[in-house]
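*Asks:* Here the sequence shown stands for residues 6 to 649, numbered as in this note's numbering. For glycine and all other residues, C-beta sits at the position ideal for the given N, C-alpha and C. Since the structure is predicted, the reported quantities are computational estimates derived from the model, not experimental observations. Here it is, the structure in full.
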Amino acid sequence: MEVYRVSMTKYPNREALRKAHDIYRDAMNEFIFQYLEKKVEDETVDDLIMRVLNREQQRIVDIKGISVIFRNKECWNDFFSQQFGYDRLLGRHEYDIRSVTSLIVMGRNKVSHPGSRDLDFEYTRTHLFLIAEVLGEIGKTQAKHEVEEVCDELFSYDTDERIADMTKQRDAAKAEVTELKKQVKTKSDRLEEVEAEWLASEERFETVSTQLKVAVAGKTVAEERLSDISNRFEEAEVENAELKKCLSETENRLRTVESERDEHIKTLTEQPRTVEAEKTILEERPKNSPKQPEIKEWRSKIWKQLCDYAAQKDTPVRFHKPGSAHYLNVSRSLIALTGFKMQVWLGRDNREIAIRLYMSKQNFYILEKQRKEIEQEFCEPLEWEKLPQRSDSRISVRKDIIDPTDESGWQNQHEWVILKLEKFHKKFNEVFLPRIQERNTSDSLSEDEEYLPLNPPTPNSVTFHGTNFTKRLNEYHVAGDDISQGFWHYWHSQGREGKQEMRDAGWSVERVDGDWEVTISPVDFQAWIEDEVTELSGLLNSSQNEEPATRSSRSFDGRTVLPTSKEMEQPALKVLADEKAHRRVKIIDYLTEYFSLTDDERSYLSKTGQAEKHLMSKGLIERTRTGYYRITAYGLEVVNDVPF
């Protein structure tokens with residue numbers, strides 16, 4: 006074997022690596038051809054190499070071609086991967102020959118492009134080691150030894166120098182280790198100081214955290230107090246604004262009253278009248294009371310003059326066509342909200358005049374709960390009338406009249422009426438309407454008003470004895486007048502049964518404010534009268550022309566059965582008539598509410614027994630020997646506590 010003295014050349018590292026590359030190329034060519042001749046079956050090794058290298062057939066493969074063959078997917082998967090085993094635990098091949106051959110190609114490229122200086126010492130040694138290693142992996146032991154001899158020859162001449170250099174490096178390393186130990190000792194001491202400072206800072210942090218929590222709590226309390234003060238200040242401002250508004254209205258009212266007073270003084274001056282003369286008029290009035298035709302004529306005259314007076318004024322107040330009744334309806338344009346109407350009313354004996362605002366029970370209840378606030382905003386007291394026997398309620402203001410037949414005083418009456426109606430027109434939108442619109446739908450009526458459901462199912466068209474009744478919200482009217490509570494309940498019960506049209510029910514009459522009003526008698530509820538004939542005037546069928554005295558003197562004998570008797574199951578209800586007339590109305594109202602329940606609610610009452618137990622515990626009903634329930638006459642004031 007020819008021996009190269011690479012240590013004597015100008016560039017020993019480059020010459021040694023070139024020699025190792027030649028040994029590597031020859032040994033690797035021999036390995037590839039010998040290995041593939043054993044594995045390839047369908048074609049020759051030369052054809053395979055030519056196809057893989059994509060060039061003309063050649064027997065010698067250069068260093069780059071060797072790397073290409075190993076990195077070719079077909080050659081690797083079909084042939085060489087079996088030679089270099091796969092480590093399943095590590096997930097890779099035991100020897101990565103593809104990467105090593107690529108590195109050898111890089112070394113060959115560096116040797117092939119010489120520079121002005123020799124190759125780096127460590128770079129040369131590394132590449133010689135890689136070449137020797139790969140030759141050992143493919144079983145070319147002789148070639149491996151040749152590369153190792155080249156490496157030994159290259160690095161043998163400077164052994165003493167390298168030993169001396171390594172000694173210097175060792176001494177320097179020892180000195181560096183000593184210095185590092187000193188630094189470690191210093192750092193350790195500093196670390197202990199830092200740890201002590203850290204512990205102290207943690208204690209200070211805990212103290213500051215506690216102080217911060219106390220400060221935050223104090224801030225929260227201060228913010229709450231500030232918010233409370235702000236709210237009270239806002240409330241005070243609102244109250245102040247309301248008081249200013251009320252004061253302004255009071256001043257306006259005072260000016261109006263002063264104007265009325267001056268006008269009245271002027272009238273008294275023009276037409277002097279002594280107290281004795283007025284007393285004489287008052288004493289003689291009952292003796293000289295006009296007859297009914299004269300009263301109607303006088304009413305027609307005063308209503309007509311009131312309408313003419315309003316038409317001449319710049320006012321939104323308008324009236325319906327005047328008649329001879331004791332009241333005059335105000336046009337709905339004044340309060341354009343369904344369910345409300347206004348009347349000008351002349352009181353009994355015609356010695357007072359009033360403005361009346363009618364509304365449903367529900368709206369009246371909502372407003373009455375805020376009666377004090379409303380009267381304060383209205384700037385004068387109001388009269389609140391529930392009217393239990395009617396389907397509506399009313400709010401009124403009134404004025405006493407000394408002599409209503411004195412036409413000279415009508416001017417003041419007309420001014421007062423227009424003034425009050427304008428005030429109702431203004432205050433309705435400011436005082437009444439917002440409270441109705443903002444009502445809570447969950448509000449329940451009080452015990453006395455709870456006989457009216459809020460949204461009952463009712464028929465849309467009803468005719469009784471040729472008279473047509475129309476629906477207006479939850480109320481009904483005929484010829485412009487509301488009808489009675491009993492009729493409303495009867496209609497509601499029929500709507501529960503799904504009826505859209507009803508005809509012919511018993512009529513009765515009652516007296517309201519001195520006039521006759523047509524009402525419906527609630528005769529269609531099931532009731533038994535036990536052991537005796539009992540007067541129940543509220544259950545009588547009466548004609549429209551029958552006088553109330555005749556009606557109240559009659560007695561009711563027997564029973565009137567509800568048409569929907571199939572819904573009545575045992576145990577049935579029995580009614581004891583109360584000796585007091587006003588209690589009978591509550592009994593009928595209670596029966597009405599009972600029979601207007603749904604099937605599920607009735608089933609709950611008749612099967613669970615919970616409602617019966619509650620009623621019995623309250624003393625409202627009692628059990629008879631025959632198994633029926635009897636409603637006691639007393640205690641019905643709290644009947645609405647029943648949980649249905």
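Mapping DSSP to helix, strand and coil, what is S396?
*Replies:* Translated into the one-based positions of the sequence shown, residue 396 becomes position 391. Correct three-state label for S396: coil.
*Asks:* Quick one: grab the DSSP three-state call for N368.
*Replies:* What you label residue 368 is simply residue 363 of the sequence shown in a count that begins at 1. Residue state, collapsed to three classes: helix.
*Asks:* For the region 412-420 and the region 338-345, state whether three or more C-beta atom pairs, one from each stretch, are separated by less than 8 Å.
*Replies:* Too few Cβ pairs lie closer than 8 Å, so no.
*Asks:* Can you tell me which of C156, R195, H26 puts its alpha carbon nearest to the alpha carbon of M111?
*Replies:* In the sequence shown, the residue the question calls residue 111 occupies position 106. It is H26 whose Cα lies nearest to the Cα of M111.
*Asks:* Verify whether the separation of the beta carbon atoms of Y16 and L124 is less than 9 Å.
*Replies:* Residue numbering aside, residue 16 sits at position 11 when the sequence shown is read from its first letter. Residue numbering aside, residue 124 sits at position 119 when the sequence shown is read from its first letter. For Y16 and L124, yes; Cβs fall inside 9 Å.
*Asks:* Beta strand (DSSP E) containing Y332: first to last residue?
*Replies:* The residue given as residue 332 occupies position 327 in the sequence shown. Its beta strand (DSSP E) spans residues 332-334.
*Asks:* Of the residues E154, N34, T146, which one's Cα is nearest the Cα of L22?
*Replies:* Counting from one through the sequence shown, the residue named residue 22 turns up at place 17. With distances taken between Cα atoms, L22 lies closest to E154.
*Asks:* In chain order, what residues of the same chain lie with their CB nearer than 8 Å to the CB of E357, ignoring the 5 residues before and after it?
*Replies:* Your numbering for residue 357 matches position 352 in the sequence shown. So the qualifying residues of the chain are L351, R403, K404, D405, I406.
*Asks:* Given 8 Å as the limit, is there contact between the region 326-334 and the region 431-445, that is, 3 or more CB pairs closer than that?
*Replies:* Short answer: they don't touch.
*Asks:* Along the alpha helix (DSSP H) that carries E127, what are the first and last residues, could you check?
*Replies:* Taking the sequence shown and counting its residues from 1, one reaches residue 127 at position 122. Element bounds for E127: 126-142.
*Asks:* Could you give the first and the last residue of the continuous alpha helix (DSSP H) run that contains L322?
*Replies:* By one-based count along the sequence shown, residue 322 stands at place 317. In the sequence as displayed, the identity of residue 322 is Val instead of Leu. No alpha helix (DSSP H) contains V322, which DSSP labels as neither H nor E.
*Asks:* Taking only three categories from DSSP, how would you classify I360?
*Replies:* Translated into the one-based positions of the sequence shown, residue 360 becomes position 355. Looking at I360 - three-state DSSP - the assignment turns out to be strand.
*Asks:* Alpha carbon to alpha carbon, how far is E229 from V335? Give it in angstroms, no decimals.
*Replies:* Walking along the sequence shown from the start, residue 335 turns up at place 330. Walking along the sequence shown from the start, residue 229 turns up at place 224. Their backbone Cα atoms lie some 52 Å apart in a straight line.
*Asks:* Would you mind stating whether E265 and E427 have Cβ atoms separated by less than 9 Å?
*Replies:* As a working note, residue 265 is residue 260 in the sequence shown. As a working note, residue 427 is residue 422 in the sequence shown. No, these two residues do not count as a Cβ contact at 9 Å.
*Asks:* What do you reckon, are the CB atoms on R30 and I65 nearer than 9 Å?
*Replies:* In the sequence shown, residue 30 corresponds to position 25, counting from 1. In the sequence shown, residue 65 corresponds to position 60, counting from 1. Yes, Cβ-Cβ distance for R30 and I65 is below 9 Å.
*Asks:* If you follow the alpha helix (DSSP H) that E380 is in, where does it begin and where does it stop?
*Replies:* Translated into the one-based positions of the sequence shown, residue 380 becomes position 375. That run of the alpha helix (DSSP H) goes 376-383.
*Asks:* Y370 and R399: beta carbons closer than 9 Å?
*Replies:* Looking up residue 370 in the sequence shown gives position 365. Looking up residue 399 in the sequence shown gives position 394. Cβ distance not < 9 Å, so Y370 and R399 don't count as in contact.
*Asks:* Here's the rule I'm using: 16 or more other beta-carbon atoms within 10 Å means buried, otherwise exposed. How should A178 be labelled?
*Replies:* The residue given as residue 178 occupies position 173 in the sequence shown. Classification for A178: exposed.
*Asks:* Throw me the rounded Cβ distance for the N18 and F126 pair, which I believe falls under 8 Å.
*Replies:* Along the sequence shown, read from residue 1 onward, the residue named residue 18 stands at position 13. Along the sequence shown, read from residue 1 onward, the residue named residue 126 stands at position 121. About 7 Å; that satisfies the 8 Å criterion.
*Asks:* Give the straight-line distance between the Cα atoms of T255 and K218, rounded to the nearest whole angstrom.
*Replies:* On the sequence shown, position 250 is the one that residue 255 refers to. On the sequence shown, position 213 is the one that residue 218 refers to. So the two alpha carbons sit approximately 54 Å from each other.
*Asks:* Mind checking who D405 pairs with in its DSSP beta bridge?
*Replies:* Position 400 of the sequence shown, counted from the first residue, corresponds to residue 405. Per DSSP, E357.
*Asks:* Is K431 helix, strand or coil by DSSP?
*Replies:* If you number the sequence shown from 1, residue 431 lands on position 426. K431: helix per DSSP, three-state reduction.
*Asks:* Count the C-beta pairs between the region 387-401 and the region 301-313 that are closer than 8 Å, then say yes if the count reaches three, no if not.
*Replies:* Counting Cβ pairs under 8 Å, fewer than three are found: no touch.
*Asks:* Look at the alpha carbon of Y332 and the alpha carbon of A359, and state the distance between them as a whole number of angstroms.
*Replies:* As a position in the sequence shown, residue 332 is number 327, starting the count at 1. As a position in the sequence shown, residue 359 is number 354, starting the count at 1. Answer to the nearest angstrom: the Cα atoms are 9 Å apart.
*Asks:* For E79 versus V57, is the C-beta distance shorter than 9 Å?
*Replies:* Translated into positions along the sequence shown, residue 79 becomes position 74. Translated into positions along the sequence shown, residue 57 becomes position 52. Yes, the Cβ-Cβ distance between E79 and V57 is below 9 Å.
*Asks:* Go through its chain and collect everything with a Cβ distance to L424's Cβ below 8 Å, but skip five positions before and after it.
*Replies:* Walking along the sequence shown from the start, residue 424 turns up at place 419. Excluding sequence neighbours, L424 sits near T261.
*Asks:* Rounded to a whole number of angstroms, what is the C-alpha to C-alpha distance between S305 and E242?
*Replies:* Sequence index remark: in the sequence shown, residue 305 carries index 300 (1-based). Sequence index remark: in the sequence shown, residue 242 carries index 237 (1-based). Going from the Cα of S305 to the Cα of E242 covers about 50 Å.
*Asks:* Check this for me: beta carbons of G144 and F38, under 9 Å apart or not?
*Replies:* Within the sequence shown, residue 144 is the residue found at index 139, counting from 1. Within the sequence shown, residue 38 is the residue found at index 33, counting from 1. No, they are not a contact pair.
*Asks:* For L338, I'd like the list of residues in its chain whose CB is within less than 8 Å of its CB, leaving aside the five on either flank, ordered along the chain.
*Replies:* Position 333 of the sequence shown, counted from the first residue, corresponds to residue 338. It should be pointed out that residue 338 corresponds to Ser in this sequence rather than to Leu. Only P321, R323 meet the Cβ criterion.
*Asks:* Quick one: what's got a C-beta closer than 6 Å to T129's C-beta in the same chain, skipping five residues either side?
*Replies:* Taking the sequence shown and counting its residues from 1, the one referred to as residue 129 is at position 124. Closer than 6 Å at the Cβ level, and outside the excluded window around T129, lie N18, L22.
*Asks:* Buried or exposed: R175, going by 16 or more other Cβ atoms within 10 Å of its Cβ?
*Replies:* Within the sequence shown, the letter at position 170 stands for residue 175. Exposed.
*Asks:* Hey, could you find the ends of the alpha helix (DSSP H) V57 is sitting in?
*Replies:* Translated into the one-based positions of the sequence shown, residue 57 becomes position 52. Where V57 is concerned, the enclosing alpha helix (DSSP H) stretches over 50-58.
*Asks:* Going by alpha carbons, who is nearest to R440 out of E46, R395, N368?
*Replies:* Stepping through the sequence shown from its first residue, residue 440 is reached at position 435. The candidate whose alpha carbon is nearest that of R440 is N368.
*Asks:* So, Q381 versus C251, is the Cβ gap smaller than 9 Å?
*Replies:* The residue labelled residue 381 in the question sits at position 376 within the sequence shown. The residue labelled residue 251 in the question sits at position 246 within the sequence shown. A contact, by the Cβ cut-off of 9 Å.
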